[in-house]
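For reference, the structure discussed in these notes is given below.
In my numbering, the protein residues as written are 1 to 623.
Structure representation (structure tokens):
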């Protein structure tokens, strides 16, 4: 044994003896080691306080502890929480609250019959994109409108993030969301082990990655699409996808994040996006850019004919800001510029502006206006924000010889939100003008499309439409670990058939229910439910959307009809993978919603014929 190792062993032995020594008392013999073991089995507790950035206590924050036994608690009006009856040992504490960024995980040691204290400070969440109004859609209605210190009113809960993608109005967060991940570094523990093996050189590398406060997520998942259950295991379109995101603070100035996704198959695709976000007491803003590329090497003639050189490339830049002009008044503005190399009009510009007034602590009024130019197939190039919102990765081609046409959407909305004894109620009125409303068709069995019923679709246009309507949203925290929301909206639509004759001819023969008449009235109900079972580290999210104006699948059905869309996700934590600064989850998700983000017309999802069901499964790691 070397001299340094001998000295280290002697020092550890000295500390172990010295810490248990009591002046004037003899040490018990080694054979009497029973009492410490009994004491170690006595449960301990964790108590603490959750504060906002300005020091005020936060009510309703969820505190979870992962260790010898999973536990969770909810803070009271004074911001305090208590986790009792915890087996002694290390615990990883996390704090979540709607509208705030998740707190950096903290490692707490629970001692037998002891009481550990922890204090967390949460920072406001969201992007500098247009402020969200819960009443404008199902999205995030659980937010208390009286949160005046918030710059953008964004709800960062799992439920609200999903519901924001169900486009119901212009008052939504359509800008790229900021990185939502746990703190710490996944490199810390492996480098500590390496450091013990190779001494000084590895210790230097350990210090570098330990001091760099990176937050991120790594996912290895498999995704595919099917129409019938029998296609799940026989589907040759299952793909393995790697998703990676990383971000960090830039001192006290702001936060940066980068995310990327990659897959390799007959349709190889990759995407990369980065953003920089700054939040100040009177203003917030975010800027960023993204790039995505697809290359098709399959054998579908329709897909090959639509790709000039077998590839498609899309790039975009954006900037959004939110400025508080007074205590109860704030203004948001921003725009996105995108370039699609497969379009005749390759450059698209989408601006928006909003005004928010909070006359009382529990009331919020917002008005917003936006214009969005959407390219056919734009969903294929969306940069994912997490493993379960991966790009669809399908090929597409024009419905007829008329080629692709850009959908141009102008939206205006006024909405009111009010909090009543824990129940948030919102009402809204909206007006929408759409030029060249898009139609998406799966399973059109022509000679070109029959080979790719699931992995290929056709895109056309049905004409222009003007939509006027109103909606009501109710959201409630049914229990500490159960959240639910219900949204109902109704609207009247006036259609004008300005589409190319070739598109209209194809739809008249194969899809007559897409050719709408003047004076159409539609009704929509969207519900969501999310629950968390702390004992088993299981989270369940269920969303259903019902509407009476979906396009019909049969050629002899002349009128639109009732149909539904769903999204079901199960997240199972893997606490037995005991990594000190990372969280492991198993994910299984099934959905038949076509659009990943609802940033365009409210008719986009309704005009999708027979979208295949999509399944995603794999492992996600947050560090």
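The beta carbon of each residue, even a glycine, is placed where N, CA and C say it ideally should be.
By alpha-carbon distance to residue 538, the top candidate from 571, 320, 352 is 571. Inside the region 349-399, DSSP marks whole beta strand (DSSP E) runs of 3 or more residues at positions 363-374, 395-398, from first to last along the chain. Judged by beta-carbon spacing, residue 586 lies beyond the 9 Å limit of residue 439, meaning their Cβ atoms are not closer than that value. Between the alpha carbons of residue 339 and residue 541 lies a gap of roughly 35 Å. Residue 219 and residue 390 have their C-alpha atoms roughly 11 Å apart.
The C-alpha of residue 100 is placed about 16 Å away from the C-alpha of residue 283. The count of Cβ pairs closer than 8 Å, one atom from the region 325-341 and one from the region 293-301, stays below three, leaving the stretches out of contact. The continuous stretches of beta strand (DSSP E) do not include residue 101, and DSSP gives it neither H nor E. Contact between residue 396 and residue 457 holds, with the beta-carbon distance rounding to 5 Å and staying under 8 Å. In the DSSP annotation of this structure, the continuous segment of the alpha helix (DSSP H) that includes residue 304 starts and ends at 301-306. A residue is called buried when at least 16 other Cβ atoms come within 10 angstroms of its Cβ; residue 55 does not meet this threshold and is exposed. Contact between the region 521-532 and the region 489-499 is present: 3 or more CB-CB pairs across the two stretches fall below 8 Å.
Look at the beta carbons and you see the region 489-509 not touching the region 109-123: under three pairs across the two are nearer than 8 Å. If you look at residue 492, you'll find it in the beta strand (DSSP E) that goes 482-496. Contact check for residue 394 against residue 413 fails: the beta carbons are separated by 9 Å or more. Residues of the same chain with a CB within less than 6 Å of the CB of residue 49, apart from the 5 flanking positions on each side, are 79, 80, 119 in chain order.
Counting only the Cα atoms, residue 95 lies some 43 Å from residue 442.
Bridge partners of residue 421 according to DSSP: none are assigned. Collapsing the DSSP output to three states places residue 118 in a strand. For residue 464, the uninterrupted beta strand (DSSP E) segment begins and ends at 464-479. Ranking 558, 553, 494, 535 by CA distance to the CA of residue 465 puts 494 first. Closest in C-alpha terms to residue 291, from the list 306, 276, 313, 300, comes 313.
The C-alpha of residue 410 is placed about 46 Å away from the C-alpha of residue 65.
Boundaries for residue 507: no beta strand (DSSP E) harbours it, while the alpha helix (DSSP H) harbouring it runs 501-510, taken from the DSSP string. Pairing residue 519 with residue 472 gives a Cβ-Cβ distance that is not under 9 Å. Scanning its chain for C-beta atoms nearer than 6 Å, with the 5 sequence neighbours on each side dropped, one finds around residue 263 the residues 239, 241, 269, in chain order. Ranking 289, 274, 267 by CA distance to the CA of residue 299 puts 267 first. Per the DSSP secondary-structure output, residue 267 pairs in a beta bridge with 296. Rounded to whole angstroms, the gap between the alpha carbons of residue 610 and residue 517 is 22 Å. Closest by C-alpha distance to residue 108, out of 358, 102, 90, is 90.
Under the three-state reduction of DSSP output, residue 239 falls in the strand class. Residues of the same chain with a CB within less than 8 Å of the CB of residue 401, apart from the 5 flanking positions on each side, are 502 in chain order.
Per DSSP, residue 603 lies in no beta strand (DSSP E) segment and is marked neither H nor E. Between residue 616 and residue 73, the alpha-carbon positions lie close to 31 Å from each other. Approximately 5 Å separates the beta-carbon atoms of residue 59 and residue 77; this is inside 8 Å, confirming the contact. Scanning 454, 361, 604 for the CA closest to the CA of residue 421 turns up 361.
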